[in-house]
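Right, one structure below, let's go through it.
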Amino acid sequence: MAISRNLFLFCSLIFLISPSIAQTSFRPKALVLPVSKDPSSLLYLTQINQRTPLVPVDVTLDLGGLYLWVDCEQGYESSSYRPARCNSAQCSLANANGCITECFSSPRPGCNNNTCALLVDNTVTNIGTDGELGQDVVSIQSTDGSNPGRSVSVSKFLFTCAPKFILEGLPSGVKGMAGLGRTKVSLPSQFSAAFSFDRKFAICLSSSTTAKVSTAAAFVQGDPSSDYFIGVKSIKINGKAVPLNKTLLSINREGFGGTKISTVNPYTVMETTIYNAVVNAFAKEMGDVPRVASVAPFGACFNSTKILGTRLGANVPSIDLVLQSNNVFWRIVGANSMVEANSDVLCLGFVDGGVNPRTSIVIGGHQLEDNLLQFDLATSRLGFSSSLLSRQTTCANFDFTSKA
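For the sequence shown, the positions run -22 to -1, 1 to 382 when mature numbering (1 follows the signal peptide of the UniProt record, and there is no 0) is used.
This is how it looks when you write it as structure tokens:
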């Protein structure tokens, strides 16, 4: 799929794109969220402004997440917060899975009687619990593509109030997770509805930590997945097909298999037999470059003094994820395939996901960096650039004055 002409913005950002007119006095053409990378956890963070008065809230980005959830136990104060009552239209829209009939505390955001209960899923630690569905003001910056614009607000943005313990495993200062998944109440869906946008968005993740710019771990039985899956048909290394069990590349009747894209996995995770086949084929194509002792969590590491550097990263075999035909593939070059584990050691940035994982291949954040991805929710299509390094730019080189 070709990248839309609307996608002229290159940065470490998320974009919500619209060719249409918002039904407000100010008519934004697009919305933008700066994204940064936490150096310790390797998770991607963004900041939203929420509540009345507005408060900046740091959240972890979750590409396949169901919706926005925020800790409401620690100092959540807002004059505009409203809980969603049981059997309300908001509960139906969010596909609420229960009703909180009584909260054993004084009323506050996250603790009200007769309100909808929604799953709060920390996809980093694989811990889930119930939370209260509520609504509040959320503000986000607009852009015309050439310049940053004014902030615009959604007055009744739906999110889930979470207990503070669910924050465990997230970076310090983070108050929740921002879900961009395929649901009616994810960030892209709610902003698209509020401003009459087409249901599409783009992400471009920078490798720099300073460049500001039912497959879930927990799920309700029978609910459809909110993750973004792509139809990988085969894998090639240096143009040669990797021998693997292709049935694992399809999702079976029990919901196992397939390939999805994730921002909460730092590196690509593969089912054991796929991982072993890829590692063996890659090592063979590395030729005379010596392998060295593995550095966790990686299983294939090499002497980097024997590997040349290029503008596309380390000069190593290319890895192609072949999609609907041999002519359509996502190419992973050295900058995205290799990780500097130690001095003079480069490792293949893929991880063994074990036998019979729920998803056979999870494409992680390192493999997404400096790749421009467009997600069209209406047509269930993905547009991708492959590495922007081949175009002599990066996601960190965002410039509001450029229309390249």
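Note that CB positions come from ideal geometry on N, CA and C, so glycine has one too.
Asked, Found
"Under DSSP, the beta strand (DSSP E) around Ser131 begins and ends at which residues?", "Pro126 to Ala140"
"Considering only their Cβ atoms, is the gap separating Gln68 from Gln113 smaller than 8 Å?", "yes"
"Identify, in the order they occur along the chain, each residue of the same chain with its Cβ nearer than 7 Å to the Cβ of Thr193, setting aside the five sequence neighbours on each side.", "Residue placement at Thr193 is flagged as unreliable, the pLDDT there being 39, under the threshold of 50; a coordinate-derived value is accordingly withheld."
"Starting from the N-terminal side, write out each stretch of the beta strand (DSSP E) that is 3 residues or longer and does not extend beyond the region 232 to 304.", "237 to 239, 246 to 248, 279 to 281 and 297 to 300"
"For Pro166, which residues in the same chain have their Cβ closer than 8 Å to its Cβ, ignoring the five residues on either side in sequence?", "Leu(-7), Leu158, Arg177, Lys178, Phe179, Phe353 and Leu355"
"Can you check DSSP and say which residues form a bridge with residue 383?", "Examination of residue 383 is not possible in this model, given that the chain is present from -22 through 382 alone."
"Kindly list the residues whose CB is nearer than 6 Å to the CB of Val247, restricted to its own chain and excluding five residues on each side of it in sequence; keep chain order.", "Val329, Gly331 and Val340"
"Does Ala8 pass the burial test, meaning 16 or more other C-beta atoms within 10 Å, or should it be called exposed?", "buried"
"By how many angstroms is the C-alpha of Ile310 removed from the C-alpha of Thr372?", "15 Å"
"Identify, in the order they occur along the chain, each residue of the same chain with its Cβ nearer than 8 Å to the Cβ of Ile26, setting aside the five sequence neighbours on each side.", "Leu11, Pro34, Val35, Val37, Leu46, Val116, Ser117, Ile118 and Ala156"
"Let me confirm a value: Phe143 is counted as buried when at least 16 other C-beta atoms fall within 10 Å, else exposed. Which label applies?", "exposed"
"Can you check which of these residues, Pro6, Phe4, Gly217 and Tyr22, is closest to His344 by C-alpha distance?", "Tyr22"
"Cα separation between Cys50 and Ser57?", "14 Å"
"Could you tell me the alpha carbon to alpha carbon distance between Ser19 and Gly53, rounded to whole angstroms?", "25 Å"
"So what's Leu148 in DSSP terms, helix, strand or just coil?", "coil"
"With Ser184 and Glu347 assumed to form a contact (beta carbons below 8 Å), what rounded beta-carbon distance in angstroms separates them?", "7 Å"
"According to DSSP, is Ala8 helix, strand or coil?", "strand"
"Put Gln68 into one of helix, strand or coil per three-state DSSP.", "helix"
"List the endpoints of the continuous beta strand (DSSP E) containing Ser338.", "No beta strand (DSSP E) holds Ser338; DSSP gives it neither H nor E."
"By Cβ distance below 8 Å, which residues in the same chain neighbour Arg369 in space, the five residues on each side in sequence not counted?", "Ser363"
"What does Leu360 pair with, by DSSP beta-bridge criteria?", "Phe353"
"Quick one: give me the first and last residue of the beta strand (DSSP E) that Leu96 is part of.", "Thr93 to Asn100"
"Report all residues from its chain with a CB closer than 6 Å to the CB of Lys211; omit the five preceding and five following residues, and keep chain order.", "Val300"
"Could you name the residues of the same chain whose beta carbon sits closer than 6 Å to that of Tyr245, not counting the 5 residues immediately before and after it, in chain order?", "Gly327, Val329, Gly342 and His344"
"Let me make sure I understand the geometry here. Which of Asn223, Leu286 and Asp266 has the alpha-carbon closest to that of Val255?", "It is Ala, not Val, that sits at residue 255 in the sequence shown. That would be Asn223, whose Cα lies nearest to the Cα of Ala255."
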